[in-house]
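Line order of the protein sequences matches chains A and B.
In case it helps, this note's numbering puts the first sequence at residues 112 to 249.
In case it helps, this note's numbering puts the second sequence at residues 112 to 249.
Yeah, the Cβ is synthetic: ideal placement off N, Cα and C, and Gly gets one too.
2 protein chains.
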Amino acid sequence: MTQRHDLGASFARLTRAMVAAEEPILRAHGLEMWDYVVLGALESGAAPTQAELAAAVRRDKTRLIPILDRLEAGLLVTRTADPADRRNRVVSLTEAGRSLVAACREGIREMEAEFLRSVPAERRRIFVSVLEELAASV
Amino acid sequence: MTQRHDLGASFARLTRAMVAAEEPILRAHGLEMWDYVVLGALESGAAPTQAELAAAVRRDKTRLIPILDRLEAGLLVTRTADPADRRNRVVSLTEAGRSLVAACREGIREMEAEFLRSVPAERRRIFVSVLEELAASV
DNA sequence: TATTGTTATACTCTATAACTATA
DNA sequence: TATAGTTATAGAGTATAACAATA
């Protein structure tokens with residue numbers, strides 16, 4: 112661990128590369144990056160409120176609104192008033208939204224497999240595993 | 112490699128965490144993030160032109176200028192006209208700049224060691240090694 | 001005329017503050 | 001009065017275009 116770059120520099124570089132590689136895949140499915148992030152956050156279950164959804168994707172709630180407008184117009188999500196408290200809007204994936212995000216993820220997984228291809232299997236396995244661990248810890 | 116997050120999402124998350132962790136260290140030394148990036152790029156040798164330095168840190172040349180102004184005012188770098196072509200401005204680290212960037216890196220290395228502490232040594236070694244490999248490939 | 005560095009302008013992204021509707 | 005969502009405004013960050021000096 113003597114002569115290497117800062118972790119932050121390496122992570123930043125790889126983030127840019129992955130974003131650039133994901134963009135054409137998402138665009139082919141008619142999605143922007145944040146659309147995909149939001150759809151992905153909804154996969155595990157509906158968001159009880161938009162504020163919680165915004166927190167889950169680490170964005171401001173005001174910036175979520177045009178994204179949801181776009182997704183709703185494309186019939187990928189629904190916004191329904193919570194009967195218990197009509198101020199809340201429950202955001203859910205539609206079937207179309209669910210299958211679209213799955214298709215995007217599949218394309219991205221293929222791109223990632225190609226990207227990692229030069230790394231021997233065991234090292235790759237460890238790398239991905241530690242990456243998940245660390246990302247979950249922050 | 113079945114049930115995991117996209118690489119891009121994990122890298123982005125870790126980038127944010129590292130930037131947040133580096134900022135107080137740099138601030139303690141009176142530097143902003145981009146100051147540190149530029150000083151680091153100059154460590155391996157003077158930049159023959161500002162345009163090349165801008166390309167090395169992957170920023171626009173116009174955005175480099177206020178950074179260099181600040182660093183020059185702080186006596187951390189010098190800008191001298193290239194005698195061979197007086198349009199070029201050669202940017203070099205001063206001794207003060209060199210020792211300051213070294214001090215920052217030391218602080219960042221300590222932070223990183225703490226951050227990686229929970230990962231067993233062999234896995235950590237492989238992770239950092241693959242990370243360097245991949246970052247160098249993009 | 002072309003190029004380096006600089007300055008000025010426009011554009012995008014993000015955050016903050018007002019507005020509405022429900023409670 | 002307080003809160004969820006929305007809209008409007010302001011600020012920061014970034015990119016593009018014009019400018020001055022040198023080749």
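| Asked | Found |
| --- | --- |
| Simplified DSSP state of residue 187 of chain B, which is helix, strand or coil | coil |
| Chain A residues whose Cβ lies nearer than 9 Å to that of residue 223 of chain B | 112, 117, 118 and 119 |
| Residues from the segment 120-132 of chain B in contact with chain A, defined by Cβ distance under 7 Å | 121, 122, 123, 124, 125, 126, 128, 129 and 130 |
| Three-state secondary structure assigned by DSSP to residue 204 of chain B | strand |
| Straight-line gap, residue 233 of chain B to residue 183 of chain B (C-alpha atoms, nearest Å) | 43 Å |
| Beta-carbon contacts of residue 203 of chain B that lie in its chain and below 6 Å, excluding the five residues immediately before and after | 157 and 189 |
| Alpha-carbon spacing of residue 236 of chain B relative to residue 195 of chain B, whole angstroms | 46 Å |
| Below-8 Å beta-carbon distance, residue 246 of chain B vs any chain A residue | yes |
| Cβ distance (whole Å) where residue 212 of chain A is taken to contact residue 134 of chain A below 8 Å | 16 Å between Cβ atoms; not a contact. |
| Within-8 Å CB hit, residue 239 of chain B to chain A | yes |
| Neighbour flag for residue 183 of chain B against chain A, beta carbons, 8 Å | no |
| Contact list for the segment 204-221 of chain B against chain A, Cβ threshold 9 Å | 216, 219 and 220 |
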